[in-house]
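**Student:** Let me give you the structure first, and then I'll get to my questions.
2 protein chains.
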Amino acid sequence: MSMEALFNPRGVAVTGSVSPGKLGNVLINRLVEGGFEKVYALNPKAKGLDGVPGFASAEEISGPVDLVVIASPAPTVKDVLEDCGKKGVKAAIIITSGFSEAGNAEGEEEIKQVAKKYGIRFTGPNCAGLVNTHSRLLATLEAAPPKGHTALISQSGAVGGNIMAWAHEQGLGISKFISYGNGNDLNELEFLKFLKDDPETKVIAMYLENIKNGREFMQVLKEVTPVKPVVIIKSGRTSTGQRATLSHTGSMAGADAVYDAAFRECGALRVETIEDMFDLCKGFANLPPVQGRRLAVVTNSGGPGVMAADKAEEVSLNVAEPSPEMTSVLKGILPPHAGVKNPIDITVEGTGEEYSQVLTEVLKEYDAALALYIGTPYLKALPVAEGIKRAAEMSGKPIVSTVLVGCDVEESVEFLKAHHLPNYVTGERAVKVLARMAEYHEYLTNKPELSEIPEQKAFLPGTGPVLEPDGMALLKENGIPVPEFRFAQSPQKAVEFCRSVGYPVVMKVVSPEILHKSDFGGVILNIGDDQGAEKAFDQLKHAAAGRDFRGVVIYPMLKGGREVILGLTRDVQFGPVVAFGLGGIYTEVLKDIVLRVAPVDKKGAQEMIRSIRTYPILKGIRGQEPADLDALADAIVNFSRLPFLYPDLEEADLNPVFVFPKGVLVGDVRLVRSGSINK
Amino acid sequence: MSMEALFNPRGVAVTGSVSPGKLGNVLINRLVEGGFEKVYALNPKAKGLDGVPGFASAEEISGPVDLVVIASPAPTVKDVLEDCGKKGVKAAIIITSGFSEAGNAEGEEEIKQVAKKYGIRFTGPNCAGLVNTHSRLLATLEAAPPKGHTALISQSGAVGGNIMAWAHEQGLGISKFISYGNGNDLNELEFLKFLKDDPETKVIAMYLENIKNGREFMQVLKEVTPVKPVVIIKSGRTSTGQRATLSHTGSMAGADAVYDAAFRECGALRVETIEDMFDLCKGFANLPPVQGRRLAVVTNSGGPGVMAADKAEEVSLNVAEPSPEMTSVLKGILPPHAGVKNPIDITVEGTGEEYSQVLTEVLKEYDAALALYIGTPYLKALPVAEGIKRAAEMSGKPIVSTVLVGCDVEESVEFLKAHHLPNYVTGERAVKVLARMAEYHEYLTNKPELSEIPEQKAFLPGTGPVLEPDGMALLKENGIPVPEFRFAQSPQKAVEFCRSVGYPVVMKVVSPEILHKSDFGGVILNIGDDQGAEKAFDQLKHAAAGRDFRGVVIYPMLKGGREVILGLTRDVQFGPVVAFGLGGIYTEVLKDIVLRVAPVDKKGAQEMIRSIRTYPILKGIRGQEPADLDALADAIVNFSRLPFLYPDLEEADLNPVFVFPKGVLVGDVRLVRSGSINK
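Residue numbers (the numbering used here), protein chains in the order written: chain E, 18 to 696; chain H, 18 to 696.
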């Protein structure tokens, strides 16, 4: 199996010059220094390096060679692969650049063909190499990371190297580092799938700058995240500037928000900075699951405890007070002047034993704990670290710590690390980790069902812009509730229809040349009688003078509902995406919009509804009846199916949608046909 | 002068046992190790320590002694002061605890009296000591910090020690460390004033857990911040839980928001975490002022550049593209495949000289720059650091850097530090610093005028709860516009007044026993004629049956304004505080409220208006006419004067206030008399 050859090779050949300072030289030294034993130099002059023997051809090597690390110039790569293929090499790390990234797609295709011929799988070209700390394989020019259980896949070799160089100081161990460069053969998806089953990897960290196929990526993430957590940095806005072509509703959320939505939907955890990545991976690699949001803060210093508790509330952890029973237990353990609310302040005189007992007790009713210890340089911190360890063992629950200062602080931090107790430089950073871990646990316990992609049903009606009555009919046909409506082409019909709909009514102009009806005086509200209806028809016809006037559409006046908006767009990476937000002037100003990749199932729709900031308004505040969130969720589900049912539907906006205490009704519809210029 | 004696003493006496492990011993060793020469041990047995001579009385010491550091038990402190006073000691650092913090207020008062008698000024008791790195005075049990230009005042000795212990790793130099413990004599205010004029201090960092007198603190801050920046950590919510007694409007903003408001108003910069404090102080201590928000990001790696630019936008820096002229200058410097938008990507091959040239050029049109360098372990970073230095010198403008990884990274970071070029571990942290520094500069260039406290004018009308017509009259009298209103006590008068106000009108019940009128059916809108008016009067009278019905108040129907709310409360620490927010259901859900300590001047009022998230709605979006923000600011100014004019005004809520394109009008008023139970 090629992955085995790549990560656990029996022998490794390295191409490239072995002269000092040359890449072949550096790579061989890396491998040897890392402790890998079966290394062979492969170069035309068959030059070796110190104890590493040199060969002109892989076939001359007597032992098994599973992997070749290629750093020789681009024109040589094809022949190297040919030679190695004959030897039976199964995998290659092609560090050499000068292929498609430099305009040489042809050369890249050639090496792909040769590799295919011999069944060689490869990472690169133009990559920064690969590391497996558990097999002592250090096939990279980047810094050697400490051994551990976080796998790192980086689209940028430099950023990956940066992370590895920093890992020791940050206390994070690496299981595997993978740079895939141009990703011609093996890419982030293959590696994700591989790492899912890698026993030495507990958490996968990814640094991404772009994604080729969003749907495929999501598919793989959905397979991986139930098995182990995936933490992602995706660098943002500027590189994706060209994607800012979302529908009006979608674009309010920002182009980059699609990535947020997609990752969240797949249970992957997006973080903003490399420090956040370190923190979170350290948590996942070391702690038992965070199965709830109740957090106890145990501290020996009031202020820092409060600062951590504040941050905890900000990230939606619950720093509730202990139960009366727990309170009396704590009072039994601690001196009278200690604080037994939460944060629990065991005071500056708190001992390691008190930390141990208090933590063990509180974890009987909390889901996780933060142990904060602000020492002084002349007091020993090690007993506190030992106390934390005892409590972690007794409780089996996650404890994060912030142990700072003390004459033995380094020893204490090493002690904690050795016992898989992650220590963070501030309580704030520690609680952020617990919150994200709780989020992951919530995902696992409430995973969305896999929505089936609906099959194509038809094309949009008509040929030009979709007229409002046609749009309303289409929504109705697909289970999205619309008000009663009539399409009238004469004043007589208008009056007749107004009567049948029942006054007061709304009348809107229908014309393929008038899309922004309101800006155009094309909407008349609150028409109360026949005379008003006739007048309104005339007025709308007049407003459309010189344009293709098709008639008017008539609705009853809708009242009393809360307004929301739904949008639909096709994202370059992710395809159809649904946007949902509270309607009206506030949405635009507050950008209170949530996105989700379509199709959306009911659970997903409910999550969308709950996740906007103004959700309490829908739920009903100040004694208001709650809006019919069930009907709204159904409408979102059905709306999210439209781009699959109608492949020529490019964009859609339902703005507003009225949500009543019972039922929902669409107030206006705009459907845009693909290729249409009338956006 | 006592401060001179405290920070630059000619000689220091230390009390407390000199036996190994005892406080006197540790303190003397600290002082000696720190390089302070004139140290004397002061203890009953006249025991010295190594080269430090011991004395039983200060009077026996021959040389001058300006300062005594007291670590002997509480009962001895009085006598020590007496003895030292006779010797002419001017200052004391009282580390000893066991005074008011332990219930011994009497003992504390005693030592105060002795100190006063001899003109000794002191910090403590129960403090962690004091450091002046510039006079080699290390009079503390905490870690010795590196020398530099940031002064640290910490209310918690442990947290202060923690910060000093961490300062070396974080690359921050300390000028002075001050712990004031119980703050009986010298406290944070005195030290702030002292540090304002301390030539060795460029920036003041404070860690606070509570403030005794908010107004006085603000007064001092307002004197200090124009001279040098003050960076504050104030630990939050939990410790101030008892303060959650703000008016309804104010409480929506959260109790801790008063501190935010007060600090902001005084130009002090509040930060959340110790890491943020380090970062910001490093910026202030080393960089020239950040005189605007235009930021150039110069990077050799795309993704991290984008991540930094994203963060920059989030913190309101302007990462605009360079001008066309600058673009062609950059194209002349850089190779064709470099990116000359912003971030400017000089590519992985970028040299130190390119960094230097590009930074120097862009700083001709940007206010600040971030130099991002993601090296590889086998490339040298020092030329980049040198390039950054040249650019900083040439431009005279602020450059922050993130130089990470490289075979000489430590050397590079040291080089930057030596040349006062702050380096941050991530670009995100670096740009956050620039944003806060820009905020400080904005404060300096647009300082609020000092508002005079208005003098008392009268008491609130009546005796019980203030009735609505009385409240409206009071507002009107004080320059806060109210609609025309009439108070009617009979149906006949009601009809007469409705006519004179002009239909349609609003009618509300007036009763000292009905405060939440709406909940009570006590408000009738849109009354159109005499008949309606009579009916409404009856209905309101009926609604008030069994209560003290005084009549009704009549207003014209107000339409078309945007609704805002104004609140006023008396904060325990800061006294009268004004709250402002957009009105309606959204305020409650979105907590879009801003606070400011009263009285508020016009500039302050304008800043309040601008700083709510929904400000664009007031300014007018979608072609709406802007609301009359000038009239609104005037109303806020006049409203903020009320608690001074009427000393018995405890709370007030104006909800809603209608802001029209021309003028404002108060829609409802609630004034609460102090001591009133009808809250």
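The beta-carbon is built from N, C-alpha and C at its ideal position, and this holds for glycine as well.
With a threshold of 8 Å between beta carbons, is N335 of chain H in contact with chain E?
**Tutor:** No, N335 of chain H does not count as interfacial toward chain E.
**Student:** Taking 8 Å as the CB-CB limit, is Y395 of chain E close to chain H?
**Tutor:** Chain H, which has a Cβ nearer than 8 Å to the Cβ of Y395 of chain E, makes this yes.
**Student:** Can you tell me which residues form a DSSP beta bridge with V247 of chain H?
**Tutor:** In DSSP, V247 of chain H forms a bridge with H:I221.
**Student:** Just to confirm, are P673 of chain H and I582 of chain H a CB contact at a threshold of 8 Å?
**Tutor:** Going by C-beta atoms, P673 of chain H is nearer than 8 Å to I582 of chain H.
**Student:** With a threshold of 8 Å between beta-carbons, can E366 of chain H be considered close to chain E, or not?
**Tutor:** E366 of chain H does not count as touching chain E.
**Student:** Is the distance from the Cβ of P246 of chain E to the Cβ of V220 of chain E below 8 Å?
**Tutor:** Contact: yes.
**Student:** To the nearest angstrom, how far is the alpha carbon of N655 of chain E from that of K608 of chain E?
**Tutor:** If you take the alpha carbons of N655 of chain E and K608 of chain E, they lie about 24 Å apart.
**Student:** Would you decide whether P92 of chain E is buried or exposed? Buried here means 16 or more other CB atoms lie within 10 Å of its CB.
**Tutor:** It counts as exposed.
**Student:** Are L309 of chain E and D384 of chain E touching if we call contact CB-CB under 8 Å?
**Tutor:** According to the sequence shown, residue 309 of chain E is Gly rather than Leu. Yes, the Cβ-Cβ distance between G309 of chain E and D384 of chain E is below 8 Å.
**Student:** Span of the beta strand (DSSP E) holding I416 of chain E?
**Tutor:** Run containing I416 of chain E: I416 to L421, per the beta strand (DSSP E) assignment.
**Student:** Are V288 of chain H and V248 of chain H close, meaning C-beta to C-beta below 8 Å?
**Tutor:** Contact flag set, yes.
**Student:** Using a Cβ-Cβ cut-off of less than 8 Å, list which residues of the region 275-297 of chain E approach chain H; keep chain order.
**Tutor:** The residues in question are E289, T290, I291 and E292.
**Student:** Residues in the same chain with beta-carbon distance under 7 Å from I694 of chain E, minus the five sequence neighbours each way, listed in chain order, please.
**Tutor:** Here the model assigns I694 of chain E a pLDDT of 43, short of 50, so the residue's position is not dependable and the matter cannot be decided.
**Student:** Does DSSP put A561 of chain H in a helix, a strand or coil?
**Tutor:** Reduced to three states, the DSSP call for A561 of chain H is coil.
**Student:** Do you know whose CA, among E:V97, E:T150 and E:M294, lies nearest Y135 of chain E's CA?
**Tutor:** Checked all of E:V97, E:T150 and E:M294; the closest Cα to Y135 of chain E is E:V97.
**Student:** Mind pulling the alpha helix (DSSP H) runs of 4 or more residues that sit fully within the region 444-502 of chain E?
**Tutor:** Complete alpha helix (DSSP H) runs here, min 4: 444-462 and 485-494.
**Student:** Between the beta-carbon of A182 of chain H and the beta-carbon of A160 of chain H, is there less than 8 Å?
**Tutor:** Contact flag set, yes.
**Student:** For the region 622-636 of chain E, which residues have a beta carbon sitting closer than 9 Å to at least one beta carbon of chain A?
**Tutor:** Of the protein chains in this structure, namely E and H, none is chain A.
**Student:** Quick test of your reading: I250 of chain H and Y224 of chain H, contact by CB under 8 Å. State the CB separation rounded to the nearest angstrom.
**Tutor:** 5 Å between Cβ atoms; contact.
**Student:** Anything in the region 315-334 of chain H with a Cβ closer than 7 Å to a Cβ of chain E? List those residues in chain order, please.
**Tutor:** Against chain E - using a Cβ distance shorter than 7 Å - the residues of the region 315-334 of chain H are S318, G319, G320, P321, V323, M324, A326 and D327.
**Student:** Quick one: give me the first and last residue of the beta strand (DSSP E) that E282 of chain E is part of.
**Tutor:** Here E282 of chain E belongs to no beta strand (DSSP E); instead the alpha helix (DSSP H) covers A274 to E282.
**Student:** How big is the Cα-Cα spacing for V106 of chain E and D83 of chain E?
**Tutor:** Roughly 5 Å separates the two Cα atoms.
**Student:** Nearest-angstrom Cα distance between M20 of chain E and L59 of chain E?
**Tutor:** Near 22 Å, if we compare the C-alpha coordinates of L59 of chain E and M20 of chain E.
**Student:** Quick check: is the beta carbon of L646 of chain E nearer than 8 Å to any beta carbon in chain H?
**Tutor:** For L646 of chain E, the answer is no, since every Cβ of chain H falls outside 8 Å of its Cβ.
**Student:** What's the gap between the Cα of A278 of chain E and the Cα of G598 of chain E?
**Tutor:** Their backbone Cα atoms lie some 14 Å apart in a straight line.
**Student:** Quick one: is T443 of chain E near chain H, going by C-beta distance under 8 Å?
**Tutor:** At least one chain H Cβ lies under 8 Å of T443 of chain E.
**Student:** Tell me which residue opens and which closes the beta strand (DSSP E) that P673 of chain H is part of.
**Tutor:** Taken as a continuous stretch (DSSP letters only), the beta strand (DSSP E) holding P673 of chain H covers L666 to V676.
**Student:** Closer than 7 Å by beta-carbon distance: list the chain H residues that pair up with E605 of chain E, in chain order.
**Tutor:** Within chain H, the residues near E605 of chain E are I638.
**Student:** What residue does the beta strand (DSSP E) around F139 of chain H start on, and which one ends it?
**Tutor:** Its beta strand (DSSP E) spans residues R138 to T140.
**Student:** Using a Cβ cut-off of 8 Å (strictly closer), state whether V781 of chain E contacts chain H.
**Tutor:** For chain E, the structure presents residues 18 to 696; residue 781 of chain E sits outside this window and is missing.
**Student:** Could one say the Cβ of G178 of chain E lies closer than 8 Å to chain H's Cβ atoms, at least one of them?
**Tutor:** True, the Cβ-Cβ gap to chain H drops below 8 Å.
**Student:** Mind pulling the alpha helix (DSSP H) runs of 4 or more residues that sit fully within the region 309-342 of chain H?
**Tutor:** The region 309-342 of chain H contains these whole alpha helix (DSSP H) runs: 319-331.
**Student:** With three or more beta-carbon pairs closer than 8 Å as the criterion, would you say the region 584-593 of chain E touches the region 617-626 of chain E?
**Tutor:** Touching, no, given that fewer than three Cβ pairs across the two stretches are closer than 8 Å.
**Student:** Taking 8 Å as the threshold (C-beta atoms), are T218 of chain E and K193 of chain E in contact?
**Tutor:** Yes, these two residues count as a Cβ contact at 8 Å.
**Student:** Would you tell me roughly how many angstroms separate the C-alpha atoms of R627 of chain E and L585 of chain E, rounded to the nearest one?
**Tutor:** Cα-Cα distance, rounded: 19 Å.
**Student:** Could you please give me the residues that DSSP links to F116 of chain E through a beta bridge?
**Tutor:** Its beta-bridge partners do not exist; DSSP assigns none.
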